[in-house]
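Those sequence lines, one after another, are chains A and B.
Counting in the working numbering, the first sequence runs from 8 upward without gaps.
Counting in the working numbering, the second sequence runs from 127 upward without gaps.
Note that CB positions come from ideal geometry on N, CA and C, so glycine has one too.
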Amino acid sequence: MAFYQNIPFFSIFLAMFSGTVSSVLPRKAARVLNTIVISLIMVASVFLTAILYEQGGSYTFMMGHFPAPWGNEIRAGALEAGMASFFCLIMLLSMLGGRKKLDEEVEETKHNLYYVLVNLLLSSLLAMVYTNDLFTAYVFVEINTIAACGLIMIRQIGRTIEAAVRYMILSLLGSGLFLVGLVILYDLTGHLLMSNIQESVKLIVANGEYTIPLLVTISLMSAGLAIKSALFPFHAWLPDAYGYSTVSSAALLSSLVSKGYIFLLIKIYYRVIGIDFIRSNKLVNVLFIFGLAGMIFGSLSAIKENDIRRMIAYSSVAQIGYIYMGIGLGTQDAMIASIYHILMHGATKSLLFISAIGLTDVSGCSRQFIQITGSGYRNKIAGVGFTVGALSMVGFPCFSGFISKLLFAQAALNNTAGKMLPTLIVLGISTILNAIYFMKTVLRIYTPVKDSEYPTWHIKDQKLYTVVIIAFVLCNLLLGLTSVFIEDWISRGLLSFG
Amino acid sequence: MSKLRPSHEKKREVRFSEWMDGSVDPYLGNLELKPQELQKESRQQFEERIRDYAQLNADLYDTEKNKGVKAFNLIYKISSVIWILLLIGVMLLTVSYLPPNGGADNPANNEVTERYIEKGLQETGAVNIVTGMILDYRAFDTFGESNVLFIATITVLILLRKNKKMHNEFDMKDDTDEEKYEPKSDSILQTVAKVLVPVILVFGIYVILNGHLGPGGGFSGGAIMGAGLILYCMTFGFEKTERFFTENTYKWVCFTALTVYCLSKAYSFYTGANGLHSHIPLGTPGAILSSGLIFVLNICVGMVVTCTMYTFYAMFRKGEF
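Listed below in structure tokens is the structure:
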């Protein structure tokens with residue numbers, strides 16, 4: 008076995024170990040450790056992605072001395088490794104960008120606990136991406152849920168506590184449904200390893216013996232993960248959780264936590280149930296309809312909002328709707344579009360959160376639109392960042408949002424008429440709604456105010472923040488301009504997935 | 127006390143007949159207990175409660191002007207009941223299609239369980255197959271589970287630990303009244319606890335150390351030890367407990383346990399996956415020092431669980447150790 012094949016195992020263990028170590032470190036050391044660990048894992052994952060992209064295919068890694076159905080197993084292919092590197096990149100940038108705000112908003116003695124949460128969150132994301140065992144996935148879903156809850160409430164004000172309680176209730180409901188689905192599936196197949204379950208499912212489908220429990224299992228798992236990733240009617244926890252938590256947490260939650268669950272769902276569809284069976288039964292149509300509804304209603308709520316952070320949060324509901332719409336379309340092209348949208352949304356939403364905090368900071372920490380008028384001039388780099396993010400969300404060419412909308416439209420055109428028309432119409436409406444609230448905000452931050460009472464922040468006062476915003480903008484441009492390569496990577500990854 | 131009584135009441139016969147009739151409560155006036163009164167809600171309190179509830183609703187929802195909210199609340203209640211009934215129906219239907227409970231031909235009785243049962247002892251060295259399964263075959267999952275406990279304590283610490291420097295909106299005034307967090311000294315409880323606590327702790331240690339030989343293991347033994355610590359703290363107060371269990375103890379015990387687990391399993395996984403020879407001896411099955419890493423891992427898990435239990439108690443009770 009080549010040494011590079013150990014990278015997924017080392018990444019997961021390094022993240023978990025650093026979580027343990029951070030609990031006894033003072034705050035500065037924990038911060039340095041956190042940055043180093045994320046960067047190390049990112050570099051290693053990029054290296055692994057490059058190798059696997061060249062080679063194609065995937066490999067399994069035995070966790071222990073016992074082969075797969077008896078012991079645990081993880082599995083890596085180009086798609087998984089690439090996702091891991093992407094998650095690390097966004098996490099690194101979000102942590103750096105929100106560092107100053109964290110110092111202000113969170114009690115100093117609890118900083119190292121924050122880094123414990125972040126490190127364990129990273130480990131759980133990596134494990135969810137790499138695992139080849141359904142129960143391991145569930146264990147790490149638990150870690151992910153609790154870590155996310157801690158991330159919300161570490162800034163202790165009333166709204167975050169309330170948001171954390173809501174998040175906990177809905178998220179545990181989701182975990183519960185997922186667990187029930189997992190138990191039924193185990194009862195039907197007798198396996199927890201993904202590849203073995205898939206073989207048994209094929210037999211079940213061929214015999215037609217347990218079809219009804221199988222359908223119930225699929226719907227329970229889909230519903231559970233959809234609740235956890237805030238698909239439209241289950242998004243009640245989202246606006247306060249993203250809107251009031253400290254900014255790093257908001258960025259991590261919106262671009263990584265919910266995406267981890269969606270990636271797990273895609274993985275279950277491809278590797279556990281088998282994508283052919285998913286396509287042949289009509290269950291994904293439910294996701295399709297909820298996705299479409301989310302695209303409209305999320306944007307409508309965002310238009311009504313008078314609080315910039317909550318507006319961005321509601322926009323997430325709409326974007327999650329896009330992803331589920333793509334999964335619901337049920338073709339390979341649409342799945343590629345969905346995965347591309349995961350990347351695009353991860354890179355853009357964290358940029359929006361981080362730059363919005365720069366805008367509110369020069370407006371007396373108020374998030375109301377009347378106060379942030381003209382803040383684009385007072386904090387130039389945050390203004391640029393927000394504008395780029397907004398343009399990308401609306402779908403301006405060159406930026407990543409344009410490509411993902413294009414991919415969705417193309418995937419819809421190749422679909423049956425029943426799904427093509429609603430997709431195209433809703434895509435159009437949603438784009439217009441996106442433009443309404445994002446462009447309104449951009450106009451507002453660039454409306455000049457005479458004799459503003461608020462201070463102006465220069466770039467030299469906030470060097471780290473500037474670097475982070477520039478990195479985010481570059482990341483966005485890169486996703487938009489090298490989309491052919493990224494599409495190719497995703498489709499190759501999906502091939503070795505199934 | 128006896129001086130207060132007229133002489134004829136002191137007689138045994140009188141007291142015996144009183145006890146027989148039940149005309150006098152023998153405890154009354156002899157113990158520092160007051161006779162219990164039934165809790166009764168007066169008319170006024172009842173009306174106040176109803177009024178508060180109505181006030182709360184009126185403050186939250188303006189149902190007078192917004193008829194939609196009222197209608198929504200009604201529809202919400204009805205539809206939630208319908209949904210729940212529907213879900214119950216679907217789940218019951220599903221259960222009726224599942225393989226029969228305990229059937230020999232069930233899909234779950236396959237080569238996986240067969241190997242666990244038949245070769246478990248030989249491959250893991252643990253007489254207790256369940257321990258062998260969770261700490262050797264599927265040790266990665268169990269490592270995840272111990273981290274779930276760890277992160278749960280971290281979250282509770284974030285939520286409940288008293289902030290030392292910065293005050294949030296919840297601790298408005300400095301709470302220096304330590305007394306109210308301390309348990310009342312109760313001589314019955316203390317006498318019983320003096321006997322019980324050592325027994326509970328020793329039993330917990332036994333369950334942890336014996337995990338690979340018989341029923342038990344880190345999770346159950348840790349829970350027992352945690353219960354013992356909580357009983358001790360409830361009886362003798364935080365001042366006594368602080369002599370051996372402070373925040374630093376928690377931090378370092380958890381750190382050591384998880385580090386040992388992480389490093390030893392990393393070694394084992396690395397050698398296993400890369401086909402290298404592992405230098406961990408399995409020992410003779412049945413001996414106390416056997417079954418390779420399982421023995422060590424059980425102790426680690428037990429330590430994490432103990433700390434978790436006690437920390438939860440301390441945090442919810444007082445907000446610090």
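Listing by chain order, which chain A residues have their CB less than 8 Å from the CB of residue i?
i: G396(B); result: First, the residue type needs correcting, since residue 396(B) is Tyr and not Gly in the sequence shown. Per Cβ cutoff of 8 Å: N13, F16.
i: G401(B); result: M8
i: S404(B); result: H72
Beta-carbon separation of residue i and residue j under 8 Å?
i: G487(A); j: C405(A); result: yes
i: R162(A); j: S252(A); result: yes
i: G335(A); j: M342(A); result: no
i: N254(B); j: L339(B); result: yes
i: T437(B); j: L275(B); result: no
i: K387(A); j: I466(A); result: yes
i: T143(A); j: L192(A); result: no
i: A248(A); j: Y174(A); result: yes
i: V386(B); j: C426(B); result: yes
i: G348(B); j: I334(B); result: yes
Taking the C-alpha atoms as reference points, what is the distance between residue i and residue j?
i: S272(B); j: V212(A); result: 37 Å
i: F17(A); j: Y439(B); result: 35 Å
i: L182(B); j: S182(A); result: 33 Å
i: T116(A); j: N289(B); result: 8 Å
i: T220(B); j: F360(A); result: 44 Å
i: F269(B); j: K444(B); result: 30 Å
i: A243(A); j: L307(A); result: 15 Å
i: S514(A); j: T473(A); result: No statement about residue 514(A) is possible, as the shown extent of chain A runs from 8 to 505 and does not include it.
i: R34(A); j: N119(A); result: 5 Å
i: Y376(B); j: L322(B); result: 23 Å
i: R374(A); j: L245(A); result: 17 Å
i: I176(B); j: Q165(B); result: 18 Å
i: P455(A); j: Q378(A); result: 12 Å
i: Y329(A); j: L158(A); result: 26 Å
i: A155(A); j: M135(A); result: 15 Å
i: M228(A); j: T463(A); result: 50 Å
i: I315(A); j: I164(A); result: 18 Å
i: I260(B); j: T239(B); result: 13 Å
i: A230(A); j: L200(B); result: 25 Å
i: D147(B); j: E139(B); result: 12 Å
i: M298(B); j: L109(A); result: With a pLDDT of 46 at M298(B), under the threshold of 50, the modelled position of that residue is not reliable, and the figure given next carries that caveat. Distance between the alpha carbons of M298(B) and L109(A) is about 22 Å.
i: G250(A); j: S362(A); result: 14 Å
Give the residues of chain A in contact with residue i, contact being defined as C-beta atoms less than 9 Å apart.
i: L212(B); result: The premise fails here: L212(B) is roughly 13 Å from chain A at the closest Cβ pair, so nothing lies under 9 Å.
i: C433(B); result: None at all; the shortest Cβ gap to chain A is about 11 Å.
What does DSSP give as the partner residues of residue i in its beta bridges?
i: G84(A); result: S65(A)
i: L375(A); result: Sequence inspection shows Gln at residue 375(A); the Leu mentioned does not correspond to that position. Answer is D314(A).
i: D140(A); result: L200(A)
i: W464(A); result: N386(A)
i: M217(B); result: The partner list for M217(B) (beta bridge, DSSP) is empty, contrary to what the question assumes.
i: N79(A); result: M70(A)
Is the shortest distance between the beta-carbon of residue i and the beta-carbons of chain A less than 8 Å?
i: K377(B); result: yes
i: N273(B); result: yes
i: I255(B); result: no
Under 8 Å between beta-carbons, which chain B residues line up against residue i? List them in chain order, please.
i: I225(A); result: Those within 8 Å of I225(A) in chain B number zero; the least Cβ separation is about 12 Å.
i: C156(A); result: T281
i: H348(A); result: In chain order: nothing, as chain B lies at least about 29 Å away.
i: F504(A); result: Correct list: empty, because the minimum Cβ distance to chain B is about 22 Å.
Using a C-beta cutoff of 8 Å, does residue i count as contacting chain B?
i: K470(A); result: no
i: S167(A); result: Reading off the sequence shown, one finds Thr at residue 167(A), where the question assumed Ser. No, because no Cβ of chain B sits closer than 8 Å to the Cβ of T167(A).
i: Y276(A); result: no
i: V190(A); result: no
i: V146(A); result: yes
i: M8(A); result: yes
i: I161(A); result: yes
i: T423(A); result: no
i: L195(A); result: yes
i: H242(A); result: no
i: Y217(A); result: yes
Please list the partners that residue i has in chain B, where partner means a Cβ-to-Cβ separation under 7 Å.
i: V123(A); result: I280
i: L120(A); result: I280, L283, I284
i: G78(A); result: Y263, R264
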